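Working notes for the structure below.
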Amino acid sequence: MIATELDTLAGDLRAMARIRAFEERVARYFREGQIPGFVHVSIGQEAIAAGVCGVLTEDDKITTTHRGHGHCLAKGADAGAMMAELFGRATGTCRGRGGSMHIADPRIGILGANGIVAAGLPLAVGAGLAALRQGTGAVAVAFAGEGTVHSGAFHEAIALAVLWRAPVIFVIENNRFSEFTDSDALWRGAPLIERAKAYGLTSAERIDGNDVIAVRASAAAAAAACRAGEGPVLIEAMTYRIHGHYEGDAVGYRDAEEFAAAQQRDPLLRSAATLEAADRAGDAQAALDDAATEMDAAVAFGLDAPYPDPATVLEDIYA
Amino acid sequence: MIATELDTLAGDLRAMARIRAFEERVARYFREGQIPGFVHVSIGQEAIAAGVCGVLTEDDKITTTHRGHGHCLAKGADAGAMMAELFGRATGTCRGRGGSMHIADPRIGILGANGIVAAGLPLAVGAGLAALRQGTGAVAVAFAGEGTVHSGAFHEAIALAVLWRAPVIFVIENNRFSEFTDSDALWRGAPLIERAKAYGLTSAERIDGNDVIAVRASAAAAAAACRAGEGPVLIEAMTYRIHGHYEGDAVGYRDAEEFAAAQQRDPLLRSAATLEAADRAGDAQAALDDAATEMDAAVAFGLDAPYPDPATVLEDIYA
Amino acid sequence: MPSATARPRKYIHAVRETLAEEMEADADVVVIGIDVAAGSVYGATKGLAERFGPERVMDTPIAEAGVVGAAVGAAMAGLRPVVEVMYMDFISVCLDPIVNQAAKLRYMTGGGVRIPLVIRTQTGGGRSSGAQHSQSLEGMLAHVPGLKVFLPSDPRDVADLLRAAIRDDGPVVFVENRRLYNSPTPDGPWETLPPGRARIVAPGDDVTVIAWGRMVGDALAACQDERLAGVGVEVIDLRTLVPLDLETLLASVRRTGRALVVHEAVEGFGPGAEIAMRLTEELLYEIEGPIRRLGALQAPIPYSPPLEEAVLPGPASIAGAVRALLDD
Amino acid sequence: MPSATARPRKYIHAVRETLAEEMEADADVVVIGIDVAAGSVYGATKGLAERFGPERVMDTPIAEAGVVGAAVGAAMAGLRPVVEVMYMDFISVCLDPIVNQAAKLRYMTGGGVRIPLVIRTQTGGGRSSGAQHSQSLEGMLAHVPGLKVFLPSDPRDVADLLRAAIRDDGPVVFVENRRLYNSPTPDGPWETLPPGRARIVAPGDDVTVIAWGRMVGDALAACQDERLAGVGVEVIDLRTLVPLDLETLLASVRRTGRALVVHEAVEGFGPGAEIAMRLTEELLYEIEGPIRRLGALQAPIPYSPPLEEAVLPGPASIAGAVRALLDD
Ligand SMILES: Cc1ncc(C[n+]2csc(CCOP(=O)(O)OP(=O)(O)O)c2C)c(N)n1
Ligand SMILES: Cc1ncc(C[n+]2csc(CCOP(=O)(O)OP(=O)(O)O)c2C)c(N)n1
Ligand SMILES: [Mg+2]
Ligand SMILES: [Mg+2]
């Protein structure tokens, strides 16, 4: 690898390390009862968020799912404001109205996590349509889990994106599980990317979602195609959900051997190893250290932040 | 063709002629203001109803669409009761509660026409599931227009049918138009049957829906596969909508040349010609004559029937 | 008053011409829906495709959940979509983007986003359209914080409220009534009222009838019923359910002491209950009898004309209900 | 009283055990939904798959419209499906099969079909589940003719009403409350009441509080508020919204002269309006002040605990509202 490639990889590792550090703290503070509600973390899936968002600009839009912290961080959301949001504080990205499952920052193109499976896909198609009509050259990315693909909204979103030739990248993170179910047990027929091609998507590829270099390459090609008016495209990124569906899930349904093997494919370890092999172990270590520092500060910011004033509860309902 | 084949064809022509005669009268009485609401007739598409329902028994279930008269007639609904229903009378198949768009006769497996595009597909999947669980050996047929295929309900119905291996035949009547729109203009990607195969349907074939022999053969194979536990299957039957979307539609969007060509492919003429070529012109004529007689009687029955008593309007809401 | 063009002649022209005017005024306004290029089934969008092209008048497949969802996303990203849901009954296939997305995303993002979206739909019983094409479901929508619900009865209000809806930075459900599409614009002054302001369409001192959509005309017709000869019936066209103009209603009922809320929607757990209850809460000691509601009977809308007539309110049953109020 | 097994210990056991009993009793009863084999997210269906096998406890993909639609078709064709919609908010993605199919097809076929379908779902605000996982949407469903709506607050009623729902030949929406899942079955007699019969859970002569689901417990808790010391509060658990037991409510309010309807659903255009209005219509001249409602504020349910607390009713706000009624 040439130096600029290594620089990019080091940057992506930084992004991944930030997500990992964020999620680890989320899991911990949830366990300790300081984060209310329920949380779904993306540990093990960081390469997808980092690689895809790494090719986006602030004008590009993303929509995501209940498992959306990583995408938001990678797209540029402030970790402190995100942590404050999860703690339900007034200085959170959504002023405490959204929480983990609805985390968003529309000002920088993060149209939000969504509690309704598949609901983010049509939203992204619309955002892509807006970019097309307004000629901004922006793209829209819909992040979704593989559990999404049976839903009507997935089908309708793809049909519309294809019909409108909207600059949309559908990123399906296949992390093996849909809640407590082995997603393969619900699958029949041809692989997703074959189905996707049958819809008329310009391109549909299955990639190793734990290899950030592959993710970035695929996303860069996808974004370029979209910006050139050749969208939409689909990427199925294969990965593995390292934690339970939500924190607190006892994961009794998980195969121990498969899990052990999946842990070996950790995207951070892998990138770090590549850097180390190229004599850039220092970059790797700095990524992890800086992430820890940043996220400790984010937690402190969040925990210090005031709760929203109940008197403001009826604000922002109508425009 | 051997004699028994010709007998079958003659029988199918009788079924088609009944539908044609019924629909012609519906169009007329609607025009004359005696049928309220709106009506969608299936003139030109009779071979699909006749061929598919020709292989079904009373235990088999069908669901259909706003354009469902033909399917109901072919499945065995009484023409007089149907006509009475369309006239809004108490002796109608639905006691006047349903009308054209909701015509049904569940007692003989007709779960009904449906005013919500694609809603009949999941219903049929459920009926197929019931047959499977109860071991009745029955199949369920979902008739739907090609306009249905973009809807989420289509996608979800197929995914479930495939997952459950339900004995369901999806019959997509491709009559060129979805309301006033050329359906091809909304289509992208691979042909429907390719998409269907990607879903994992056992079989998916595109057939000439104006050739009742082809329809019957395809439906028979489909039903046999379903009864053998190998379902579900999909049939795309190519046809042409000879009338407007609803009666009264001025069809300004229709290409005159294409329309003229489509008329030449009339399924009744075609079957009659085959019979005539085999020296069975008498059968063909009898089919038409008997249909006219039956449907005149059906109209008379319907027009003579009493309106429902408003005092009964709150019956049958709760079981 | 319409800004540029002539006064629309009919209710349906008011839809069409207001859409055209707003599209003219703002390039971000786009019209999306099934067959909208052909004008859709009642012709409300006729001519727009020819004038503004297929990029701004977009036909869609039958995929309402995806379409409305995309419209929400487009609104969040800077367009001002006017999306058509052909029959109000079909909100059943696209309720999620309306109720869980459009209505809530501004709030859920702490005010971080605007969603300038209009969902145009239409209803109208009484023409044997059957149980799945005849429902008035405004009560379901009004119950959802974040949605505005407009239901004009009059071509002038169609123009004014549709314009307001399009210019609103939040989601508005705009409910037309197909049985009014051919109703002419009345002569007389064009008094523009904002959303959230009801209109007194007939003054009276004895009893207040509150209605919207097609029921406004039926209420006016009821006034001609001989059972109401000599009775001063004040008929109020509510125009918008959200925001709700309680003030105008209170002032009227305070004066008349009696009120009937009339709607095409099913009566039970319907929108009239809220209105009647709000009035009752305020005026318990001033009213001369219970405030009552008249909605459709608790049944799916039947197809057969005599059955449908039995289910829906109309001038005769309104007059009867008003008479009963007075005799209470 | 449960027919065969022991008395369930908790609300959630009542769900599970009644499902098991009914599946045991009738081979046509099948359970369908996302992750039902694993017990779904709250464990309500745990153990059923092991006992009845995957053909009767069917996991589904995330495709609720298709699943509920298939359940309707299966019910029409002879099964008795109990389908789970994981959170009540998700009826937004499957409203059509509920509202336009299950609720109407019996009527639309002139009585030609039975639809023995139970749609189990759950709700329950107050745990920071966010705006899309906290809604109580029973008012929307009660507005639809053809649907029954059951909302038990007590493990005994869970068992009795779920059994009645499964045995009903028409569609029933069965709304559980997740915050009650762990609540224990109270000691004392097991008085089985049919759907359509409310239960007086605390007798009193001064004021009637009508509630269902989690609000029943909150209403009982409110009685302990010092502001209500010495006040005879009659708390009525409505149990089923459709059918509605107006008789029991009327008898109580006739006696107390004052009433409050409490629900987790948003107050505006909510289910309480119907109940309050029906009572007011009948008792206008007997009540001692306006019948009032207390529901959630007109906002999406916020995530942050202090905000959510401000939006939802609870013991304190119920006590405050009752106090205000008495002081009216
Ligand atoms: C419409 C809808 N149905 C069900 C759910 C409950 N639910 C939340 S996440 C989830 C599984 C999603 O699986 P997948 O798409 O693979 O995403 P992952 O959790 O693996 O990231 C389900 C069923 C929901 N939120 N929305
Ligand atoms: C959910 C829904 N959306 C829209 C409609 C309005 N509509 C009725 S029929 C139709 C076109 C159907 O086309 P197709 O499926 O090809 O059937 P065809 O009319 O050609 O038989 C439309 C859009 C509807 N009934 N339901
Ligand atoms: Mg997954
Ligand atoms: Mg068609």
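Chains as they are written, first to last, in my numbering: chain A, 62 to 380; chain B, 62 to 380; chain C, 232 to 559; chain D, 232 to 559. We put the beta carbon where it would ideally sit given N, CA and C, even for glycine. Predicted, not measured: the structure shown is a model, and the values here were computed from it.
Give every residue of the same chain whose Cβ lies closer than 6 Å to the Cβ of residue i, excluding the five residues on either side of it in the sequence, and list them in chain order.
i, result
"B:Tyr90", "Ile96"
"B:Lys122", "Gly170, Leu172, Ala188 and Ala201"
"D:Val574", "Limits of chain D in this structure are 232 at one end and 559 at the other, which puts residue 574 of chain D out of reach."
"D:Gln353", "Glu407 and Arg409"
"A:Ala352", "Ala78, Arg79 and Ala82"
"D:Gly551", "none"
"B:Ala366", "Ala145, Arg150 and Thr152"
Ordered along the chain, which non-local residues of its own chain (more than five positions away) have a Cβ less than 7 Å from that of residue i?
i, result
"C:Arg554", "Arg458 and Leu459"
"C:Val542", "Ala527, Leu528, Ala530, Ile532 and Pro533"
"C:Ala395", "Pro425 and Pro426"
"D:Pro312", "Val261, Ile263, Ala302, Ala305, Ala306 and Leu348"
"A:Val312", "Gly305"
"C:Ala235", "Low local confidence applies: a pLDDT of 47 at C:Ala235 is under 50, so the model's placement there is unreliable, and no value is given."
"B:Ile109", "Val232, Glu234, Gly270, Val276, Ala298 and Thr300"
Can the beta-carbon of residue i be found closer than 7 Å to that of residue j?
i, j, result
"A:Val186", "A:Val229", "yes"
"A:Thr209", "A:Val232", "no"
"C:Ile346", "C:Met307", "yes"
"B:Ile303", "B:Gly105", "yes"
"A:Gly176", "D:Gln363", "yes"
"C:Met446", "C:His374", "no"
"B:Gly112", "B:Val273", "yes"
"C:Leu556", "C:Leu491", "yes"
"B:Gly181", "A:Glu217", "no"
Closest Cβ-Cβ distance between residue i and chain A: below 7 Å?
i, result
"D:Tyr534", "yes"
"C:Ala235", "Low confidence applies to C:Ala235: its pLDDT is 47, below 50, so where it sits in the model is not reliable, and the reading given next is rough at best. By this cut-off, C:Ala235 is not an interface position."
"D:His494", "no"
"C:Asp400", "yes"
"C:Ala294", "yes"
So is residue i in contact with chain C if we call contact Cβ pairs under 7 Å?
i, result
"B:Gly160", "yes"
"B:Val374", "yes"
"A:Gln106", "no"
Is the shortest distance between the beta-carbon of residue i and the beta-carbons of chain D less than 7 Å?
i, result
"A:Thr152", "no"
"B:Cys155", "yes"
"A:Ile169", "no"
"A:His163", "yes"
"A:Ile378", "yes"
Apart from the five residues on each side of it in sequence, which residues of its chain come closer than 8 Å, Cβ to Cβ, to residue i?
i, result
"C:Pro328", "Ala296, Val299, Gly300, Ala302 and Val303"
Since residue i contacts residue j with CB under 8 Å, what's their CB separation in whole angstroms?
i, j, result
"A:Thr300", "A:Phe204", "About 12 Å; that fails the 8 Å criterion."
Does the CB of residue i have a neighbour CB from chain B at under 7 Å?
i, result
"C:Ser360", "yes"
"D:Asp320", "no"
"A:Val229", "no"
"A:Val223", "yes"
Is there a C-beta anywhere in chain E that falls below 7 Å from the one on residue i?
i, result
"B:Lys136", "In summary, chain E is missing from the structure at hand, where the protein chains are A, B, C and D."
Exercise for the section: Please name the residues in the segment 369-381 of chain D whose beta-carbon is closer than 8 Å to at least one beta-carbon of chain C, in chain order. Expected result: Gly370, Met371, Ala373, His374, Val375, Pro376 and Gly377
Exercise for the section: Note down, in chain order, all residues in the segment 297-317 of chain C with a beta-carbon under 9 Å from any beta-carbon belonging to chain A. Expected result: Gly297, Val298, Val299, Gly300, Ala301, Ala302, Val303, Gly304, Ala305, Ala306, Met307, Ala308, Gly309, Leu310 and Pro312
Exercise for the section: Please list the residues of the segment 337-352 of chain C that have a C-beta atom closer than 8 Å to any C-beta atom in chain D, keeping them in chain order. Expected result: Tyr338 and Met339
Problem - Against chain A: residues of the segment 240-271 of chain B by CB proximity under 8 Å - result: Leu247, Arg249, Gly250, Ala251, Glu255, Arg256, Lys258, Ala259, Tyr260, Gly261 and Leu262
Exercise for the section: Taking only beta carbons into account, state which residues of the segment 199-217 of chain A come closer than 9 Å to chain B, listed in chain order. Expected result: Val210, His211, Ser212, Gly213, Ala214, Phe215, His216 and Glu217
Problem - the segment 495-516 of chain D: positions lying closer than 7 Å to chain C by Cβ - result: Val497, Gly499, Phe500, Gly501, Pro502, Ala504, Glu505, Ala507, Met508, Thr511, Glu512 and Leu515
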